[in-house]
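One line per chain: the protein sequences are A and B, in this order.
Counted the way the numbering used here counts, the first sequence spans residues 1 to 328.
Counted the way the numbering used here counts, the second sequence spans residues 329 to 656.
Number of protein chains: 2
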Amino acid sequence: MARYLVSRSDVHQFIERCMKAVGAQSSHGSALAKVLVEGDYRGHYSHGLNRLDIYLKDLETGICAKDGEPLIEKSTVATALVNGNNLIGPVVGNFCMDLAIQKAKDVGVGWVSAYGSNHYGIAGFYSMQALKHSLIGITCTNTSPLVVPTRGKKIEVHQRHGKKIPVGWGCDSKGNGTTDPVEVLKGGGLLPLGGNEAAGGYKGYGLSLMVEVFGGILSGSLYSENIRPWKETNRVANLGQCFIAINPNCFASGFEERMSDLLKIHRSLEQSEPGLPVLVPGDPEVLHITECEHHGGIPYHVNVINFMNSVAKDLGVNLIPTNRTIDP
Amino acid sequence: MARYLVSRSDVHQFIERCMKAVGAQSSHGSALAKVLVEGDYRGHYSHGLNRLDIYLKDLETGICAKDGEPLIEKSTVATALVNGNNLIGPVVGNFCMDLAIQKAKDVGVGWVSAYGSNHYGIAGFYSMQALKHSLIGITCTNTSPLVVPTRGKKIEVHQRHGKKIPVGWGCDSKGNGTTDPVEVLKGGGLLPLGGNEAAGGYKGYGLSLMVEVFGGILSGSLYSENIRPWKETNRVANLGQCFIAINPNCFASGFEERMSDLLKIHRSLEQSEPGLPVLVPGDPEVLHITECEHHGGIPYHVNVINFMNSVAKDLGVNLIPTNRTIDP
Numbered sequence: 001m002a003r004y005l006v007s008r009s010d011v012h013q014f015i016e017r018c019m020k021a022v023g024a025q026s027s028h029g030s031a032l033a034k035v036l037v038e039g040d041y042r043g044h045y046s047h048g049l050n051r052l053d054i055y056l057k058d059l060e061t062g063i064c065a066k067d068g069e070p071l072i073e074k075s076t077v078a079t080a081l082v083n084g085n086n087l088i089g090p091v092v093g094n095f096c097m098d099l100a101i102q103k104a105k106d107v108g109v110g111w112v113s114a115y116g117s118n119h120y121g122i123a124g125f126y127s128m129q130a131l132k133h134s135l136i137g138i139t140c141t142n143t144s145p146l147v148v149p150t151r152g153k154k155i156e157v158h159q160r161h162g163k164k165i166p167v168g169w170g171c172d173s174k175g176n177g178t179t180d181p182v183e184v185l186k187g188g189g190l191l192p193l194g195g196n197e198a199a200g201g202y203k204g205y206g207l208s209l210m211v212e213v214f215g216g217i218l219s220g221s222l223y224s225e226n227i228r229p230w231k232e233t234n235r236v237a238n239l240g241q242c243f244i245a246i247n248p249n250c251f252a253s254g255f256e257e258r259m260s261d262l263l264k265i266h267r268s269l270e271q272s273e274p275g276l277p278v279l280v281p282g283d284p285e286v287l288h289i290t291e292c293e294h295h296g297g298i299p300y301h302v303n304v305i306n307f308m309n310s311v312a313k314d315l316g317v318n319l320i321p322t323n324r325t326i327d328p
Numbered sequence: 329m330a331r332y333l334v335s336r337s338d339v340h341q342f343i344e345r346c347m348k349a350v351g352a353q354s355s356h357g358s359a360l361a362k363v364l365v366e367g368d369y370r371g372h373y374s375h376g377l378n379r380l381d382i383y384l385k386d387l388e389t390g391i392c393a394k395d396g397e398p399l400i401e402k403s404t405v406a407t408a409l410v411n412g413n414n415l416i417g418p419v420v421g422n423f424c425m426d427l428a429i430q431k432a433k434d435v436g437v438g439w440v441s442a443y444g445s446n447h448y449g450i451a452g453f454y455s456m457q458a459l460k461h462s463l464i465g466i467t468c469t470n471t472s473p474l475v476v477p478t479r480g481k482k483i484e485v486h487q488r489h490g491k492k493i494p495v496g497w498g499c500d501s502k503g504n505g506t507t508d509p510v511e512v513l514k515g516g517g518l519l520p521l522g523g524n525e526a527a528g529g530y531k532g533y534g535l536s537l538m539v540e541v542f543g544g545i546l547s548g549s550l551y552s553e554n555i556r557p558w559k560e561t562n563r564v565a566n567l568g569q570c571f572i573a574i575n576p577n578c579f580a581s582g583f584e585e586r587m588s589d590l591l592k593i594h595r596s597l598e599q600s601e602p603g604l605p606v607l608v609p610g611d612p613e614v615l616h617i618t619e620c621e622h623h624g625g626i627p628y629h630v631n632v633i634n635f636m637n638s639v640a641k642d643l644g645v646n647l648i649p650t651n652r653t654i655d656p
């Protein structure tokens with residue numbers, strides 16, 4: 001099926017004008033646009049333009065705050081507790097990761113916990129901020145009760161495209177495995193990483209609990225079943241997020257050389273299927289970025305563009321330019 | 329098949345006398361005994377008595393240091409780099425976790441990275457030290473090239489018991505999935521948590537890389553394929569480990585109440601299979617501890633006891649008392 005090709009700046013401006021139309025502070029519109037465009041550019045379509053409508057809905061209804069700044073409530077040289085003041089996730093995320101970065105520069109590690117936050121897009125956006133300062137960045141967020149946040153979005157994309165999901169991703173409302181995204185979204189749930197118990201699913205379950213502890217329990221935000229159901233926007237989300245920065249200089253010298261060597265070892269491994277090279281985290285994103293650069297824009301599924309333009313019409317703003325297509 | 333029942337103190341003393349026989353510092357023998365007994369008591373037989381022979385072999389051959397203490401090489405209020413001085417893992421682990429705990433009490437988080445370490449038994453032993461101080465504890469270690477450390481031990485236990493492994497655990501030397509533990513141990517490898525790519529195996533792969541970065545790359549220890557193969561003891565292991573303690577008091581107040589509530593929510597979830605209650609991390613261990621308490625000892629597979637007693641004979645020390653059995 002044909003895909004629309006849209007330049008990064010066209011997507012960015014589209015998001016900014018939608019955000020302006022719902023009354024968001026201009027810097028907040030820009031912060032959201034940066035995160036969502038980066039999501040699509042890196043190939044994480046589940047967390048890009050496709051997700052704009054929830055941010056807009058939360059702002060339109062006044063459920064999410066349209067202006068203001070996050071607030072540091074408690075801090076040590078290495079830690080901070082931040083009140084996100086119910087601002088959109090990217091505004092809270094940038095504030096907290098900047099803080100964690102400063103602390104990691106000062107004392108080797110910065111651990112910042114935020115409550116009163118909202119959806120913040122691709123987590124990688126924030127860890128990559130730390131990378132710019134030669135620090136390791138980590139972040140996690142809790143979310144509506146779905147078990148594994150990132151899988152939740154993927155399943156929705158499959159539903160939007162009318163495709164089945166692979167075995168092991170989700171279960172129906174009775175806890176039985178299913179490949180039908182509709183069943184998962186209709187009262188079912190997501191299986192933790194690993195799938196069933198014998199295959200190690202309890203490890204994925206433990207990891208998702210760790211994310212809840214770091215995101216929700218440490219910060220004092222809502223957590224678990226207390227968070228509003230996915231796509232319900234009749235009450236404040238009050239999500240909890242965690243932002244960590246680590247300074248390799250405080251440990252053994254030569255970190256970057258060893259890191260490069262480790263990635264080289266992995267990329268050079270013999271392939272189990274010829275033609276499918278062994279990748280390292282970030283490689284699939286680089287492949288997608290290369291594809292975007294080659295085409296001169298981000299390719300979008302027609303359903304995503306149509307959905308976004310129906311949102312734009314409702315808001316009375318200019319549509320996304322759709323004069324270019326690929327894969328006819 | 330019948331299992332031998334051995335009291336905690338009998339196992340502890342057996343390990344201490346084996347360690348003494350190979351010339352280990354007395355406090356080191358005691359440290360190892362504590363970790364291995366705790367492993368078996370909690371049901372992680374892959375990391376208990378079953379594992380004693382590698383520690384002994386490394387000490388006997390002089391590949392691992394028989395006495396001494398770890399050394400802090402670099403530190404900030406929140407971080408430390410420790411030289412494990414090639415001591416056994418539990419000695420390095422206790423030293424580093426104590427250090428992380430002190431830092432977390434002082435500034436909210438302690439992040440300690442160790443190189444020059446060795447196998448340290450169940451990771452949970454060290455995180456539970458933090459728990460005693462009402463802190464969150466985290467630790468990870470790198471190991472010989474096996475992909476997922478904990479799975480490696482499990483596969484060996486299956487081999488020792490002559491059992492197949494579940495689908496999704498391992499692959500043969502050509503990268504094809506297999507349920508034969510022998511194929512996995514004979515030039516094959518372990519699949520990351522999640523199994524194949526569609527089921528999210530790349531996430532488990534990413535997580536195992538994170539463990540290597542925190543364990544090996546930060547600390548300057550050996551890493552990846554540079555680590556000696558599993559069970560080869562002709563050269564120093566120089567493993568890297570990471571010990572983190574986090575002080576919930578530096579974040580939102582009421583942490584323990586929220587934590588208890590979260591666990592209660594999970595344990596109260598409707599069961600997908602009646603009779604199989606939803607557990608939280610630590611529950612399977614508590615069930616095993618209850619079983620040990622009920623029997624008045626730790627139940628051991630006959631092969632494990634026979635193997636250990638053959639080790640004892642070689643060292644010329646008293647055997648494990650085996651006058652009690654269960655499951656005839």
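Note that beta-carbon positions come from the ideal geometry of N, C-alpha and C, so glycine has one too.
Contact annotation for PHE255/A against chain B: ILE545, LEU546 [CB-CB distance below 7 Å, chain order]. Of the other Cβ atoms in all chains shown, 16 or more fall within 10 Å of the Cβ of VAL92/A; this residue is therefore buried. It is roughly 7 Å from the alpha-carbon of LEU550/B to the alpha-carbon of GLY568/B. Leaving aside the five residues that flank LYS492/B on each side, the residues in its chain whose CB is nearer than 6 Å to its CB run, in chain order, THR507. When Cβ-Cβ separations below 8 Å define contact, ALA406/B makes contact with chain A. By the rule that beta-carbons nearer than 8 Å mark a contact, LEU387/B does not touch chain A.
Cβ-Cβ distances below 8 Å link VAL302/A to MET1, ALA2, ARG3, TYR4 in the same chain, with the five nearest sequence neighbours on each side left out; the list follows chain order. Under the three-pair Cβ rule at 8 Å, the region 201 to 215 of chain A does not count as touching the region 79 to 87 of chain A.
Rounded to the nearest whole angstrom, the C-alpha separation of PHE579/B and ILE391/B is 44 Å. Proximity of LYS402/B to chain A, defined by a Cβ-Cβ separation below 8 Å, is satisfied.
The C-beta separation of GLY89/A from ASN50/A comes to about 15 Å, leaving the pair out of contact by the 8 Å criterion.
In the same chain as ASP500/B, and ignoring 5 residues on each side of it, the C-beta atoms closer than 6 Å to its own belong to THR506, GLU511, GLY516, in chain order. It is roughly 12 Å from the alpha-carbon of LEU399/B to the alpha-carbon of SER441/B.
Spanning the alpha carbons of ILE320/A and PRO299/A requires a straight line of approximately 13 Å. In terms of Cα proximity to VAL213/A, the closest of LEU590/B, GLU366/B, LEU615/B is LEU590/B. Per the coordinates, the alpha-carbon of LEU279/A lies some 10 Å from the alpha-carbon of LYS264/A.
Taking 8 Å as the cut-off, the Cβ atoms of TYR454/B and ASN566/B do not count as close. In the three-state scheme derived from DSSP, where H, G and I count as helix and E and B as strand, THR290/A is classed as helix.
ASP655/B is the residue among THR650/B, ASP655/B, LEU387/B, TYR448/B whose C-alpha sits nearest the C-alpha of GLU619/B. With the criterion set as a beta carbon lying under 7 Å from some beta carbon of chain A, the members of the region 593 to 607 of chain B are ILE593, SER600, in sequence order. Here DSSP, grouped into helix, strand and coil, assigns TYR223/A to coil. Counting along the chain, PRO418/B sits inside the alpha helix (DSSP H) bounded by residues 417 to 435. In this structure, LEU518/B lies away from GLY194/A, with their beta-carbon atoms at least 8 Å apart. Secondary structure of GLU525/B (DSSP, three-state): coil. Under a criterion of Cβ atoms nearer than 8 Å, no residue of chain A is adjacent to SER501/B; the nearest Cβ is some 10 Å distant. Per the C-alpha coordinates, the member of LYS186/A, LEU87/A, ALA245/A positioned closest to PRO229/A is LYS186/A. GLN569/B carries a strand assignment under DSSP once its states are collapsed to helix, strand and coil. Annotated three-state conformation of LEU71/A is strand, per DSSP. Distance from the CA of GLY108/A to the CA of SER253/A, rounded to the nearest whole angstrom, comes to 13 Å. In the same chain as ALA393/B, and ignoring 5 residues on each side of it, the C-beta atoms closer than 7 Å to its own belong to ASN413, ASN414, LEU415, in chain order.
With a cutoff of 8 Å on beta-carbon distance, VAL363/B and CYS468/B are scored as not near each other.
For ALA408/B, the secondary structure class from DSSP, reduced to helix, strand or coil, is strand. Rounded to the nearest angstrom, the gap between the Cα atoms of GLY376/B and GLY162/A is 50 Å. Taking 8 Å as the upper bound for CB-CB distance, ARG370/B and VAL645/B are not in contact here, some 25 Å apart.
Chain-order list of chain B residues neighbouring GLU225/A: ILE593, by C-beta distance under 7 Å. Pairing ASP426/B with VAL405/B gives a Cβ-Cβ distance that is not under 8 Å.
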